[in-house]
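Counting from 892, one number per residue, gives the positions in the sequence shown under our numbering.
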Amino acid sequence: MRTIMITGASTGFGEAIARTMSRENGRLILTARREDKLMKVVDEITRTTSCKVLPLVFDVRDPQACERAINSIPEEFATIDVLVNNAGLAVELDPIHKASLEDWNRMIDTNIKGLLYVTRLVAPRMVERKSGHIINLGSTASHEVYMGGSVYCATKHAVLALTKGMRTDFLPYGIKVTMIAPGAAETEFSIVRFHGDKEKADKVYQGYDPLVAQDIADIVEFVLSRPPHVCLNEIIVTPTAQFNGVINRSL
Ligand code: NDP
Ligand code: 8X3
């Protein structure tokens, strides 16, 4: 029975990954900041499966909060077999000469530093056991840069570099590291990016079929179903209508 920890499990990809992986009736550690949303996911999984679920409410940007939360994990959940570093966000679509420093800091602190803080706390026991799997949520933005997206894309380029760095550092310990790089997926992502402006967010997904959270959860399930000698290093997945930063809205 394995233990899977998923950051950012209150909505979107994290929620879908949690629901999908709960089918194996193991143990889940689910984290986010919004306790009400997270508890809805936790309660439903607990009600409908035999999975054991530990919710942890903390902000990945706060290293002390990360430490307190992860150090509070009871022994039953302490052997984390899989860490899914999913918590992340984009804020606005401003060019560099107009963007706000606060927006940049939110993206850098969450997508890069938050991912590092959590990994720094979880990885030592994987190293000790010479076993584990870390899945990082990158993006097509790990490979491309689009107008107004330079800092978000820079954070996702960093996730790619960190994934390769982890793969290298953990090679002696047999720990798998995988990056999943999705293109446009309809979650709360654009609502967060545009500060709750649903109309603006909806426009991002008009005229084509975007990915949905379940598409990413299916990929995580596949990645985690490979035998011990197989490590998927990176999976890039886009809507059929998207390639190289171009979305075809006339299909
Ligand atoms: P959502 O906005 O739906 O989900 C983001 C999750 O991250 C939420 O559960 C949120 O929970 C959590 N989160 C955000 N900031 C923090 C924080 N500071 N501390 C703890 N948790 C946090 O977006 P997605 O599901 O789409 O995004 C998930 C990941 O996938 C992100 O890393 C994103 O960059 C990446 N991605 C998304 C794509 C898309 O098009 N949707 C495409 C490619 C990659 P809460 O607010 O409760 O803390
Ligand atoms: C999220 C998708 O289009 O903003 O990573 O790069 S996009």
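Note that beta-carbon positions come from the ideal geometry of N, C-alpha and C, so glycine has one too.
All figures in this text were calculated on a predicted structure; none of them were measured in a lab.
For residue j and residue i, believed in contact at Cβ under 8 Å, the rounded distance
i       : j       : result
Asn1002 : Val1050 : 7 Å
Ala1092 : Tyr1043 : Wrong, their Cβ atoms sit about 15 Å apart, outside the cutoff.
Thr922  : Thr902  : Going by Cβ atoms, the distance from Thr922 to Thr902 rounds to 12 Å, so no, they are not a contact pair.
Val948  : Asn976  : In fact, because the Cβ distance is near 17 Å, the residues do not count as touching under 8 Å.
Ala1032 : Gly1023 : Between Gly1023 and Ala1032 the Cβ distance is about 26 Å, and since that is not below 8 Å, they are no contact.
Thr1069 : Leu1123 : 5 Å
Thr911  : Asp972  : Between Asp972 and Thr911 the Cβ distance is about 16 Å, and since that is not below 8 Å, they are no contact.
Lys1021 : Gly1065 : 5 Å
Leu974  : Val1013 : 5 Å
Asn1193 : Leu1053 : A question about residue 1193 goes unanswered here, because the residues of the chain that appear run from 892 up to 1142.
Gly1005 : Arg952  : 5 Å
Ala1132 : Ile1138 : 6 Å
Reduced DSSP category for residue i - H, G, I as helix; E, B as strand; rest coil
i       : result
Lys943  : strand
Glu1079 : coil
Asn977  : coil
Leu929  : helix
Phe1134 : strand
Met1038 : coil
Ile964  : coil
His1048 : helix
Leu1102 : strand
Asn1027 : strand
Pro986  : coil
Asn996  : helix
Met1017 : helix
Leu1155 : The structure shown does not extend to residue 1155, since the chain is modelled only from 892 to 1142, so the question has no answer here.
Met912  : helix
Ile971  : coil
Leu1053 : helix
Asn1139 : coil
Asp1060 : helix
Gly905  : helix
Tyr1096 : coil
Leu1115 : coil
Ser1033 : helix
Gly1005 : helix
Own chain residues within Cβ distance below 8 Å of residue i, not counting five before or after
i       : result
Val1128 : Ile1071, Ala1072, Pro1073, Gly1074, Leu1102, Asp1106, Ile1107 and Ile1110
Tyr1096 : Ala1075, Glu1077 and Ser1081
Asp927  : none
Ser991  : Glu983 and Asp985
DSSP beta-bridge partners of residue i
i       : result
Thr922  : Thr898 and Leu947
Glu1125 : Met1070
7 Å Cβ shell around residue i - same chain, five flanking residues per side excluded
i       : result
Gly1087 : none
Glu958  : Leu1012
Beta-carbon contacts of residue i that lie in its chain and below 6 Å, excluding the five residues immediately before and after
i       : result
Arg1140 : Gly1098 and Tyr1099
Ile936  : Ser913, Cys942 and Val944
Glu1035 : Gly1136
Arg918  : Thr894, Lys943 and Phe968
Pro946  : Leu921, Leu929 and Val933
Ala1104 : Gly903, Phe904, Ala907 and Thr1078
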